[in-house]
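Everything on this sheet refers to the single structure shown next.
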Amino acid sequence: MEKDFEIIDHTADVGIIAYGADLSQAFANAARALFSLITELDDVEEILHRDIELAALDQESLLVEWLNELIYLFDTENIVFKRFDITKLNNTQLKARSYGEKVDSSKHRLKTGVKAATYHMLKVDKGNGCKVQVLFDI
Amino acid sequence: MPAPWQEILKKIDDYRWEIPQSYKEGMTVPGLIFASEAMLSHIWEEQVFQQVANVAFIPGIVDHSLAMPDIHWGYGFPIGGVAATRVRDGVVSPGGVGFDINCGVRLLRTNLTEEEVRPKIEQLIADLFVNIPSGLGSTGKIRVSEKELDKVLVKGSYWAIEKGYGEAKDIIVTEESGGMKGANPDKVTSKAKKRGIPQLGTLGSGNHFLEVEVVDEIYDQEAAMTMGIGEVGQVLVLIHTGSRGFGHQVCSDYVALLGGAVKKYGINLPDRQLACAPVLSPEGQDYLAAMACAANYAWTNRQCITHWVRESFVKVFGKSQKELGLEQIYDVAHNIAKIEEYTIKDKKLALCVHRKGATRAFQAGHPDIPDVYRNIGQPVLIPGDMGRCSYVALGTELAMKETFGSTCHGAGRIQSRAAAKRTLRGADVVKTLAAKGITVKTDSMGSLAEEASEAYKDVNEVVDITHKAGISHKVIRAIPMGVIKG
Numbered sequence: 618m619e620k621d622f623e624i625i626d627h628t629a630d631v632g633i634i635a636y637g638a639d640l641s642q643a644f645a646n647a648a649r650a651l652f653s654l655i656t657e658l659d660d661v662e663e664i665l666h667r668d669i670e671l672a673a674l675d676q677e678s679l680l681v682e683w684l685n686e687l688i689y690l691f692d693t694e695n696i697v698f699k700r701f702d703i704t705k706l707n708n709t710q711l712k713a714r715s716y717g718e719k720v721d722s723s724k725h726r727l728k729t730g731v732k733a734a735t736y737h738m739l740k741v742d743k744g745n746g747c748k749v750q751v752l753f754d755i
Numbered sequence: 019m020p021a022p023w024q025e026i027l028k029k030i031d032d033y034r035w036e037i038p039q040s041y042k043e044g045m046t047v048p049g050l051i052f053a054s055e056a057m058l059s060h061i062w063e064e065q066v067f068q069q070v071a072n073v074a075f076i077p078g079i080v081d082h083s084l085a086m087p088d089i090h091w092g093y094g095f096p097i098g099g100v101a102a103t104r105v106r107d108g109v110v111s112p113g114g115v116g117f118d119i120n121c122g123v124r125l126l127r128t129n130l131t132e133e134e135v136r137p138k139i140e141q142l143i144a145d146l147f148v149n150i151p152s153g154l155g156s157t158g159k160i161r162v163s164e165k166e167l168d169k170v171l172v173k174g175s176y177w178a179i180e181k182g183y184g185e186a187k188d189i190i191v192t193e194e195s196g197g198m199k200g201a202n203p204d205k206v207t208s209k210a211k212k213r214g215i216p217q218l219g220t221l222g223s224g225n226h227f228l229e230v231e232v233v234d235e236i237y238d239q240e241a242a243m244t245m246g247i248g249e250v251g252q253v254l255v256l257i258h259t260g261s262r263g264f265g266h267q268v269c270s271d272y273v274a275l276l277g278g279a280v281k282k283y284g285i286n287l288p289d290r291q292l293a294c295a296p297v298l299s300p301e302g303q304d305y306l307a308a309m310a311c312a313a314n315y316a317w318t319n320r321q322c323i324t325h326w327v328r329e330s331f332v333k334v335f336g337k338s339q340k341e342l343g344l345e346q347i348y349d350v351a352h353n354i355a356k357i358e359e360y361t362i363k364d365k366k367l368a369l370c371v372h373r374k375g376a377t378r379a380f381q382a383g384h385p386d387i388p389d390v391y392r393n394i395g396q397p398v399l400i401p402g403d404m405g406r407c408s409y410v411a412l413g414t415e416l417a418m419k420e421t422f423g424s425t426c427h428g429a430g431r432i433q434s435r436a437a438a439k440r441t442l443r444g445a446d447v448v449k450t451l452a453a454k455g456i457t458v459k460t461d462s463m464g465s466l467a468e469e470a471s472e473a474y475k476d477v478n479e480v481v482d483i484t485h486k487a488g489i490s491h492k493v494i495r496a497i498p499m500g501v502i503k504g
């Protein structure tokens, strides 16, 4: 199987490239990549879920807003997510259900604090298989 | 073979390099980099020239898009960049401030000497580590409601003083007196407030730290005395943190919002992270009002931490705060946008000065400098990495003329966090530091490896360049004895 995502290095920060057969899958893999930076995904169980509904100017903004929403949930509710069901995704709207659990210091090792997803070097490529790229401020 | 940048840069002198306006179509001013020739090869590899050039696109920018010697590649705006825009017809950009709004440094003095502190350093660092919440996902000891948070956002450090965290005189030696005017909590989203509430009074993670350090060089005896620093061997405490998740959310919210403003006002930008709006537009004014809230949050944060530092010192040394002489030297922001007045070509102009990883460095006599420092200039606090040293400098007249009263803010990264982690292990970093006589406490060994000396430029070189270029003036250097890393 092709890899779902990869981490790219950047002097001050860190970026991700996520792949998918369609854009929804690429967005879901981008979210997995984000949480792989925060903790080990294998240690996370699907105990609870959160629903997210977003509107933005375009697909690039939607990607940034989507990831920022997840960072917000991590920061305020202490939830680490591992699976993402994107049920609606067009040019300006996204609807998704994300599964994960509250951080438990006995089993989750927190690795990196992510401040935000940025628009710098942002790419949404819908060519031959979908590919998205995002840089995070950490 | 000539270095690749030689064809691009115009050498002004040994420390000044210009990126001509012709370098990239769309630049409205040239770029100016403060660096040594040796440092330039590094900057080139990072393609930071491109970012300095991109900033020269933003409407209303005056004079130069500036880069301090600690410049490194950021997102959109470089880190270590300064951009001043005309208030009248220029823009303000949240990306020109950064996500950690009012990330900054506070320095405290003590009457203690290295000999007195060394035997108790382990105990002191352990106590500080318990007393000051730090690390990823840490929450504070302070509980505030959303309504109370609004007061924090408006009052800043003053709120903390009212609640018993610190002394009124701390405020006098804080930039903006720890409370920026124009802060309006109504311009902050409830998301930012929700993120900010649990994190008030926390050090955070990443490059933030608290350091007990000892003065090892004094370059300007008189200025040092004015700051309460009498001799080599005196112990100081440095606090480096910012506005935590609150500031990150304010920045995220406004970068998204101003993405729309860019279209509305027909602004042409080479990078979306440079999103901006006219300073005087409703969007620009709203950002500045929200940014001031985040700045005030950060000053409150450092004020509360100052109080806990004092508590720990009193407890560990069994002396009163007065006996310990634990007084604040200064507190200065290095991620902020400020409306300031400058004389450009004999004309007084109101400018919006963006400092992203750059420190304000006002010359002696400036009305915004507290009375105690009015005759020497504004103290500039420059933290290095945890294995080397940090500096205190002063603002200069040349800084007012050339860099909109700004200088460097630290060492500047040369190695990515992942690369640092690949080559170094946290446990080895602890050993290396221990060999240098530095005690470290952290709850993340990974984060420690990311912040090792090897990942940073040598702060000594950075500060030397700003000193020799004349945009700040060295006063003292201090080396760490004990560090808390978030």
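Just so you know, the protein sequences line up as chains V and W, in that order.
711 is the number that my numbering gives to position 94 of the first sequence; each next residue is one higher, with no gaps.
310 is the number that my numbering gives to position 292 of the second sequence; each next residue is one higher, with no gaps.
From the three backbone atoms N, C-alpha and C, an ideal C-beta is built for every residue, glycine too.
| Asked | Found |
| --- | --- |
| Span separating the alpha-carbon of I655 of chain V from that of Y93 of chain W | 20 Å |
| The beta strand (DSSP E) enclosing H258 of chain W, as first and last residue numbers | 252 to 259 |
| Between the CA atoms of K705 of chain V and G402 of chain W - distance to the nearest angstrom | 47 Å |
| Below-8 Å beta-carbon distance, H352 of chain W vs any chain V residue | no |
| Limits of the unbroken beta strand (DSSP E) element including L399 of chain W | 397 to 400 |
| Within 8 Å, strictly: CB atoms of L292 of chain W and I89 of chain W | no |
| Residues near A241 of chain W by beta carbon distance below 7 Å, same chain, minus five either side | I394, L412, V493 |
| Partners in chain V for W62 of chain W, counting only beta-carbon separations shorter than 8 Å | Chain V residues near W62 of chain W: none, gap ~13 Å exceeds 8 Å. |
| Supposed close pair L218 of chain W, T318 of chain W - CB separation, criterion 8 Å | 7 Å |
| Identified DSSP bridge partners for C747 of chain V | V:G637 |
| Residue-level contact to chain V via CB, L221 of chain W, 8 Å cutoff | no |
| Contacts of Y93 of chain W in chain V (Cβ-Cβ under 7 Å) | D630, T735, H737, L752, D754 |
| Short CB-CB distance (under 8 Å) between V741 of chain V and chain W | no |
| Test: C294 of chain W CB closer than 8 Å to a CB of chain V | no |
| Chain V contacts from the region 253 to 266 of chain W (Cβ-Cβ distance under 7 Å) | G263, H266 |
| T735 of chain V, DSSP secondary structure in three states | strand |
| Beta-carbon neighbours of S678 of chain V, restricted to chain W and to distances below 7 Å | A274, G277 |
| Per-residue contacts from V720 of chain V into chain W (C-beta, under 8 Å) | G155 |
| 6 Å Cβ shell around R373 of chain W - same chain, five flanking residues per side excluded | V100, I354, S424 |
| Host alpha helix (DSSP H) of C322 of chain W (start-end) | 300 to 335 |
| Interface flag, D659 of chain V vs chain W, CB-CB below 8 Å | no |
| Any chain V beta carbon closer than 8 Å to C311 of chain W | no |
| Range of the contiguous alpha helix (DSSP H) that encloses A144 of chain W | 139 to 149 |
| Contact between the region 624 to 633 of chain V and the region 425 to 439 of chain W (3+ Cβ pairs under 8 Å) | yes |
| Classification of G504 of chain W by the beta-carbon crowding that lies within 10 angstroms, buried from 16 upward | buried |
| Burial state of L125 of chain W (16 or more Cβ within 10 Å) | buried |
| Within the region 220 to 299 of chain W, ranges of the beta strand (DSSP E) (whole runs, at least 3 residues) | 227 to 236, 252 to 259 |
| Per-residue contacts from D668 of chain V into chain W (C-beta, under 8 Å) | What D668 of chain V touches in chain W: nothing, since even the nearest Cβ is about 16 Å away. |
| Per-residue DSSP class, three states only, for M618 of chain V | For M618 of chain V, the predicted structure reports a pLDDT of 44, less than 50, and the residue's modelled location is therefore unreliable. A value from the coordinates is still provided. In the structure shown, M618 of chain V sits in coil (DSSP, three-state: anything other than H, G, I, E or B). |
| Separation of S163 of chain W from V480 of chain W, as counted between CA atoms | 43 Å |
| H325 of chain W versus I387 of chain W - alpha carbon distance | 23 Å |
| Beta-carbon proximity of G214 of chain W to R161 of chain W, cut-off 8 Å | no |
| Contacts that K503 of chain W makes with chain V (C-beta to C-beta distance below 7 Å) | Correct list: empty, because the minimum Cβ distance to chain V is about 12 Å. |
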